[in-house]
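Have a look at the structure below, then the notes.
2 protein chains.
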Amino acid sequence: MTNRIIFLSILCCIGTSLRAQENVLSYVKPITGTQRMGHTYPGPTVPFGAVQLSPETDTLSYEMNGKYNKDVYKYCAGYQYEDKTIVGFSHTHFSGTGHSDLGDFLIMPTTGALQLNPGTADHPESGYRSRFSHSTEVAEPAYYKVKLEDDNILAELTASNRVGFHQYTFPASDQSHIVLDLMSGIYNYPNKNVWTFVRVENDTLITGYRQTSGWARTRTVYFAMTFSKPFKEYGHRNYTSDVYKGFYRKFDQTKNFPEMAGRQIRAYFDFNTTEGEKIKIKFAISPVSTAGALKNLQTEIPGWDFDQVKREGQALWTKELNKIQIASNSREEKENFYTAMYHAFVNPTTYMDVDGQYRGLDQNNYTANGYTNYTTFSLWDTYRALHPLFNVVQPGRNADMVQSMLHHYEQSVQHMLPVWSHYANENWCMIGYHSVSVIADAIMKGNAPFDVNKALEACVTTARHRTYDGLGYYMDMGYVPEDKNGSSVSKTLEYAYDDWCIAQVAKKLGRTDLYDEFIKRAANYKNVYDKASGFMRPRLSDGTFKAAFDPLQTHDQGFIEGNAWNYSLYVPHNPDDMIAMMGGKKQFTQHLDSLFTMHLPDKYFAETEDITRDGIIGNYVHGNEPSHHVAYLYNWTGYPWKTQERVRMILKKMYHPGPDGLGGNDDCGQMSAWYIFSSLGFYPVCPGSDQYALGSPAVDKATLQLENGKTFVIDVKNQGDKNVYVQKVLLNGKPLNRLYITHSDIMEGGNMTFYMSSKPNK
Amino acid sequence: MTNRIIFLSILCCIGTSLRAQENVLSYVKPITGTQRMGHTYPGPTVPFGAVQLSPETDTLSYEMNGKYNKDVYKYCAGYQYEDKTIVGFSHTHFSGTGHSDLGDFLIMPTTGALQLNPGTADHPESGYRSRFSHSTEVAEPAYYKVKLEDDNILAELTASNRVGFHQYTFPASDQSHIVLDLMSGIYNYPNKNVWTFVRVENDTLITGYRQTSGWARTRTVYFAMTFSKPFKEYGHRNYTSDVYKGFYRKFDQTKNFPEMAGRQIRAYFDFNTTEGEKIKIKFAISPVSTAGALKNLQTEIPGWDFDQVKREGQALWTKELNKIQIASNSREEKENFYTAMYHAFVNPTTYMDVDGQYRGLDQNNYTANGYTNYTTFSLWDTYRALHPLFNVVQPGRNADMVQSMLHHYEQSVQHMLPVWSHYANENWCMIGYHSVSVIADAIMKGNAPFDVNKALEACVTTARHRTYDGLGYYMDMGYVPEDKNGSSVSKTLEYAYDDWCIAQVAKKLGRTDLYDEFIKRAANYKNVYDKASGFMRPRLSDGTFKAAFDPLQTHDQGFIEGNAWNYSLYVPHNPDDMIAMMGGKKQFTQHLDSLFTMHLPDKYFAETEDITRDGIIGNYVHGNEPSHHVAYLYNWTGYPWKTQERVRMILKKMYHPGPDGLGGNDDCGQMSAWYIFSSLGFYPVCPGSDQYALGSPAVDKATLQLENGKTFVIDVKNQGDKNVYVQKVLLNGKPLNRLYITHSDIMEGGNMTFYMSSKPNK
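If you're matching them up, the sequences are chains E and A in order. Mapping to UniProt numbering: the first sequence position 90 is 90, numbers consecutive. Mapping to UniProt numbering: the second sequence position 80 is 80, numbers consecutive.
Set out below in structure tokens:
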């Protein structure tokens, strides 16, 4: 109860202090990115919440006839805006990923004859799914509403951190049902469900778990679920027959038998409902146990007041979103900005019970002492701008995220920091070891309330793991040879950047031995530069460059999620040297110009991953991450106005406040973090340094409410759609004679004034 | 370390105090019952130990081509004496059960080219299994030795409570291997393995778990395994391909990759060995986590002294076995007796870590506070004599077993006490709710250091569970109708007895309301007595007796593991009334005489479960339990000398100290407990009462060392194979003028003298 009281007190304070503030919630459009490639979800979650309760418009199998089913990709977040039916509402979703998992515990309310199969989109009446229309759909932070047309049920959802709250308004029926489908899931495989277990504890409380093997190989999520009204009957079907049943014949298990277990289970609960009667469900999850889930449920939402829980969730959002208050005369800008803030603050997600217990990578249970444990680290994406953003406006949470990563390291049998981790699993997605960038960025920016020497040890051990992804070759030869390990250039470049990050920390901590080792490795980008072609280019183990080479091609050319045109520009820790190496400022500027203006032939576009046609400007691919810093590189070639121009173009072209508003996967907030930084007028080209390259702000004004109590105000004079060029910048009233600001410039509080013009300041 | 010191101190004391005592260990023959139907195992365990480390001579699948494979039944304990090969050594085994599970974590040492499949008994060279001979086999309490002939490896095993200790003496080889087969198991099904998970923590430590769905539907056992010497290489094979592998391509997983997970895994560890080099393995298990297993390992066996661990294990056995010290001039009697003591003291098994943590029935983890948590409750068997035996010589442990059962009740979603439970699961095997007998026996005998009112509540709730196994009909109609629920007569009779037990407790606790309810139910045996046939007989829901009825037939006649001839005598709580009902003492005596002397036609024998021809005397089936009290019923008919004669005949005929020494399944010690009581001269015909019916002692003398510090001495004058008849009995020097002694007669200490003769005292 103590926790609860503290929690309510906090909410109370939030409520009071925000009363005067603008309702930023109205600018957030959770529906943004739900069409095509954005892979966001529209349902409710609280900031960094463990529960993401959202509708599934389809749940396809990852495999069809033993082969990859391409259509499944659309459903990484379970929802596609163009779909006409809703299958149900499940409790866990990734935001913006390009591969998937989760979709745990699908709930669907129905009436009439019981149907336990989902049915098809073409014939929703063949199963429990229902038609719906966007006209009845409302998606706000911490609130979602839709009419399920087939059964005339109004569905409303909200959530606390670990509890999803459903409110279904039924018609009169003596055949009302709640289906709990434990077979349903995102990116399902025929054998993805490893085990499911359900107990009907009494006539309103259900507990259980779902254990899966998918993107996370060994993953279990526990739950506790309670109804606002006792069901009259219940039952389940087990769709596999491969479990020994000999001694379960003591009971009739087909109905009202309180223990269900097996690989493929769907359960149902029957009610009589009067016209307009609401049946509410609180559904808590836990990484540890059903006891933990029940504790979460009782602590976070003891009562049944749906509107109060919605208000509390929205108050949490209001607090987080107000960490950056912007002024703009463009509603679209505000919607873009706050929707980006919203999407930036959903991942990583809380991964522990209210009492701090969580499951570790070794499948043992741990207690997080003195920090919040997080999961869902899409680090190849988020090290670039999301974690740097957190170091500015979420430093406490970012430090806890680093702690979570360090505990991951301690629990890792490979003795490695996370690469792409979720739910007590390392899924090894993408490349590099960008945890070290996040750690270095936190340490170098002074946001390191953790054991920095231990953190350095973790970085070094990770970076010396010879059997990981070509790293042994890289350590021996200075590059990853393409004939030994694919995507070799991307890996070489990213390892080199990560190594630079380690070197910075080593230097700061006085470990010159490690500094020498890693600063040397940081120069390895030179080893994959092919002067003849002018590109970074795959090199073989005999030292020669690979002969066949198409710098426009993304696949099998030594890169991943990027072609040589884009990826060759990836030396964030030493742009000056890169530019010199690639022919000097003039030639490099031409390369950048061409990148943004050339026409990418269709055959190449078709091969580009994770983005729509809208996600490309020329051959610049904003929908993928490797080029996210590229527009800012003009600052190093003497053409900052071109940076300003390009940034504003990208802001305008790649982001809209509609379902189709994201040109590519949001990637757990990285795309959104790019938007936030860039619209404020600066961007962390090289996380691990304390500098932010200046761009062109798109807001009229922004006030950063910092956790240290200070504020940093960005004032933009003469702002306008055409006034994209910066004439001059004042920092605390004094002219800023550099093309960057530092982290301390921000964190010490103060103000920065941009003077804008429609003409470039050449 | 503190735990360890205390543990060693205790052992030290034991060692000193026992030096003067006879070496009882030499009389224990763990090999007894390993041939045919005994279903015991020869490998080492300590008293009530969590680990039962024993050789598997075969591991068949429970299913063949989708059907039950009859041959699997032989391998309930993994070992059949007539087999010529050993597959390996696994860590968990039931003792004497008639259905099975377990066989977790099979270890096999080999040399030469690596073989990861077990091979066949006919062609052991086709896999990792090896030929062996009984001539090299030694099976003692806490010690097992055998030569694995194919690879010339000497295998030695010992164990502490939670740790199996292997010692393998290798020949010289640069291809020595230890195979860890996670696919192997007893009563395997094609999909019995739900999940397995292994981490190679360093070059000597492995952790992981095996999750299965078999007799226990949702069961996981965790382990930590350490080698005395670092392996040079390791690897595994995953025999299923149904797990998504996309992002595991970052490493070469075929060799030296430290994380293995999947449904079907075999791992191996490679060594160079010199001639005679010993590789030792300590293998700890835990019901909770790998962290728990590691703690168990480090606490129980911190060092590598195999002989010391063996000595410690044998000291524990010496202590337990000496709780009853017998004198006999027959070595066979001593071997029978102490082998029975050994088999009586292996189940139930410890089910918690050294820190008290265990997994509950709801799959949550709990800590056992102030008691030892046990599992493996074969209650339909063991309520009869094993738990009553524990109330005499293991009262502390028996009270803890009751506590374990009460916690099971608290965790049970059915709100029921255990029926047949193992490893956090209820398998619902057999019939009745005999937990109530065990609880009543403990309470009525004053061995109840637990909340007796709560215990009564648990008994009552269990006995009122209407949807359990015909119980609703029984409650409404006074009997289970055969047309509604099979084995109806057995159920009716056993429910009635259990209800009598509840009534006794209710009376003792002053709950007359409950006494009235259950004493009425206790008379329900009357409702299935058919006066016309003179047998208990299945009755239909219309009130009539089932027409087709063969009282010699075991199957489909309303009984289970017994025919009407045997089962009709099952009213242990009211023999006098039963005898009167069945025609009076004379007629009843004739029934008993016929039972023991008639010839059971072969067609009936073939249908009798779980026993060999040796397990039958006439039509009396000692190999199954329902008749275990029957020989003592002559005491109620005026023919106690016939009880004496029959008991001695059964002792002689049904027990031998050889591999084929048990006429039927030992059933977790029930057969052995019958032997112990009967050879001491008394037997608990009706657990829940405080009386033991007198029989005919087979020992010359017995001293019961009671936990309360007192001793009870049984002195038998003129003992001999032909002197089976009791002439008179003195209790503490005074003539005993009754055919029973009471529990307090024993527990208050004292002596009882039997005077034997070759002639019946009619």
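Backbone N, C-alpha and C define an ideal beta-carbon position, used for all residues, glycine too.
Identify the contact partners of F712/A in chain E, using a Cβ-Cβ distance below 9 Å as the criterion.
Translated into the one-based positions of the second sequence, residue 712/A becomes position 712. Ordered by position in chain E, no residue passes the 9 Å Cβ test against F712/A, which lies about 39 Å from the chain.
Counting only the same chain and skipping the five closest in sequence on each side, list residues whose C-beta sits under 6 Å from that of K145/E.
Counted from its first residue, the first sequence places residue 145/E at position 145. Cβ within range, chain order: V138, E156.
Looking at Q52/E: is its Cβ nearer than 9 Å to the Cβ of D381/E?
Along the first sequence, read from residue 1 onward, the residue named residue 52/E stands at position 52. Along the first sequence, read from residue 1 onward, the residue named residue 381/E stands at position 381. No, the Cβ-Cβ distance between Q52/E and D381/E is not below 9 Å.
Identify which residue in I746/E, P684/E, D721/E, V724/E has its Cα closest to the Cα of G709/E.
Taking the first sequence and counting its residues from 1, the one referred to as residue 709/E is at position 709. It is I746/E whose Cα lies nearest to the Cα of G709/E.
Contacts that A261/E makes with chain A (C-beta to C-beta distance below 7 Å):
The residue given as residue 261/E occupies position 261 in the first sequence. Chain A residues near A261/E: R217, T218.
Kindly list the residues whose CB is nearer than 6 Å to the CB of residue 764/E, restricted to its own chain and excluding five residues on each side of it in sequence; keep chain order.
Residue 764/E lies beyond the stretch modelled for chain E, which goes from 1 to 762, so this question has no answer here.
Counting only Cβ pairs nearer than 7 Å, list the residues of chain E close to A291/A.
Here residue 291/A is taken as the residue at index 291 of the second sequence, counted from 1. What A291/A touches in chain E: N364.
In terms of residue numbering, what span does the alpha helix (DSSP H) encompassing L595/E cover?
Stepping through the first sequence from its first residue, residue 595/E is reached at position 595. It spans 584-597 - the alpha helix (DSSP H) in which L595/E sits, taken as one unbroken run.
Which parts of the segment 643-686 of chain A are runs of the alpha helix (DSSP H), unbroken and 4 residues or longer, counting only runs that do not cross its ends?
You should have 670-680.
With a cut-off of 9 Å, does the C-beta of T207/E fall near any C-beta of chain A?
Residue numbering aside, residue 207/E sits at position 207 when the first sequence is read from its first letter. Yes, T207/E counts as interfacial toward chain A.
So which of E426/A, N447/A, Y168/A, N369/A has the shortest CA-CA distance to R397/A?
Along the second sequence, one-based indexing puts residue 397/A at 397. Put simply, of E426/A, N447/A, Y168/A, N369/A the residue whose alpha carbon is nearest the alpha carbon of R397/A is N447/A.
Taking 9 Å as the threshold (beta carbon to beta carbon), is E137/E in contact with chain A?
One-based indexing of the first sequence puts residue 137/E at position 137. False, the Cβ-Cβ gap to chain A never drops below 9 Å.
Taking the CB atoms as reference points, tell me whether L456/A and L514/A lie closer together than 9 Å.
Walking along the second sequence from the start, residue 456/A turns up at place 456. Walking along the second sequence from the start, residue 514/A turns up at place 514. Closer than 9 Å, so yes.
So, is the C-beta of E201/E closer than 9 Å to a C-beta in chain A?
Residue 201/E sits at position 201 when you count from the first residue of the first sequence. E201/E counts as touching chain A.
Proximal residues to P287/A (C-beta, below 6 Å), its chain only, five neighbours per side dropped
The residue you call residue 287/A lines up with position 287 of the second sequence. Taking P287/A as the centre and dropping the five residues before and after it, the same chain places the C-beta of Y351, Y358, R359 closer than 6 Å to its C-beta, in chain order.
List the residues that DSSP assigns as beta-bridge partners of M752/E.
As a first step, residue 752/E is located in the first sequence; it is residue number 752 there, counting from the start. Beta-bridge partners assigned by DSSP to M752/E: I714/E, L731/E.
Taking H415/E as the reference, which of Q363/A, K319/A, N202/A has the closest Cα?
For the purposes of this step, residue 415/E is taken as the residue at position 415 of the first sequence. Comparing Cα positions, the closest option is N202/A.
Taking the C-alpha atoms as reference points, what is the distance between D542/A and D550/A?
The residue given as residue 542/A occupies position 542 in the second sequence. The residue given as residue 550/A occupies position 550 in the second sequence. Near 20 Å, if we compare the C-alpha coordinates of D550/A and D542/A.
Anyone know if the C-beta pair for T32/E and E335/E falls short of 9 Å?
Here residue 32/E refers to the residue found at position 32 when the first sequence is read from its first residue. Here residue 335/E refers to the residue found at position 335 when the first sequence is read from its first residue. Taking 9 Å as the cut-off, the beta carbon of T32/E is found closer than this to the beta carbon of E335/E.
Among S437/E, I616/E, S421/E, whose alpha-carbon lies nearest the alpha-carbon of Y655/E?
Here residue 655/E is taken as the residue at index 655 of the first sequence, counted from 1. The candidate whose alpha carbon is nearest that of Y655/E is I616/E.
With 9 Å set as the bound, which would you pick, yes or no: does the beta-carbon of R249/E sit closer than that to a beta-carbon of chain A?
For the purposes of this step, residue 249/E is taken as residue 249 along the first sequence, with counting starting at 1. Yes - at least one Cβ of chain A is within 9 Å of the one on R249/E.
Who are the neighbours of V413/A on chain E, taking C-beta pairs under 8 Å?
Within the second sequence, numbered from 1, the residue matching residue 413/A stands at position 413. What V413/A touches in chain E: R199, V200, E201, P258, E259.
Check the Cβ of V194/A against every Cβ in chain E and list those closer than 7 Å, keeping chain order.
Position 194 of the second sequence, counting from 1, holds the residue named residue 194/A. Under the 7 Å cutoff, chain E gives V194, W195.
May I have the straight-line CA-CA distance separating M64/E from L552/E, to the nearest angstrom?
Against the first sequence, residue 64/E aligns to sequence position 64. Against the first sequence, residue 552/E aligns to sequence position 552. The alpha-carbon atoms of M64/E and L552/E are separated by roughly 32 Å.
What residues match up with H236/E in a beta bridge as DSSP calls it?
Counting from one through the first sequence, the residue named residue 236/E turns up at place 236. Per DSSP, A267/E.
Taking T226/A as the query, report the chain E residues whose CB atoms sit under 9 Å from its CB, ordered along the chain.
Locating residue 226/A in the second sequence gives position 226, counting from the first residue. Within 9 Å Cβ-Cβ: nothing; T226/A doesn't reach chain E, min ~15 Å.
Selection of the segment 423-450 of chain A by Cβ proximity to chain E, strictly under 8 Å
Taking 8 Å as the Cβ-Cβ cut-off against chain E, the residues of the segment 423-450 of chain A that qualify are N427, W428, C429.
Neighbour-count burial assignment, N723/A, 16 or more Cβ in a 10 Å radius:
Stepping through the second sequence from its first residue, residue 723/A is reached at position 723. Under this definition N723/A is a buried residue.
By DSSP's criteria, W420/A is part of a beta bridge. Which residues make up the other side?
Indexing the second sequence from 1 puts residue 420/A at position 420. The partner list for W420/A (beta bridge, DSSP) reads S378/A.
Of the choices F223/A, K701/A, Q264/A, whose alpha-carbon is the least far from that of Q206/A?
Residue mapping note: residue 206/A aligns to position 206 of the second sequence, counting from 1. It should be pointed out that residue 206/A corresponds to Ile in this sequence rather than to Gln. Residue F223/A is the option with its Cα nearest to I206/A.
Y239/E and V221/E look like a contact to me (Cβ under 8 Å); what is the Cβ gap, rounded to whole Å?
The sequence position of residue 239/E within the first sequence is 239, counting from 1. The sequence position of residue 221/E within the first sequence is 221, counting from 1. Contact between Y239/E and V221/E does not hold, since the beta-carbon distance rounds to 20 Å and is not under 8 Å.
Return the chain-ordered list of same chain residues with a C-beta closer than 8 Å to the C-beta of F390/E, the five sequence neighbours on each side being excluded.
Here residue 390/E is taken as the residue at index 390 of the first sequence, counted from 1. For F390/E, where only same-chain residues beyond five positions count, the Cβ hits under 8 Å are R397, N398, M401.
Using 8 Å as the cut-off, can you tell me whether the segment 64-74 of chain A makes contact with the segment 296-315 of chain A, which would need three or more C-beta pairs spanning the two stretches below that distance?
The segment 64-74 of chain A vs the segment 296-315 of chain A: no contact.
Who are F545/E's beta bridge partners in DSSP?
Translated into the one-based positions of the first sequence, residue 545/E becomes position 545. F545/E is bridged by DSSP to R539/E.
What residue range does the beta strand (DSSP E) around I301/A cover?
To locate residue 301/A, count along the second sequence from 1; it is residue 301. Run containing I301/A: none; DSSP gives neither H nor E here.
So which residues of chain A does residue 836/E contact, with C-beta pairs closer than 8 Å?
Because chain E in this structure spans residues 1 to 762, residue 836/E falls outside the shown range and cannot be described.
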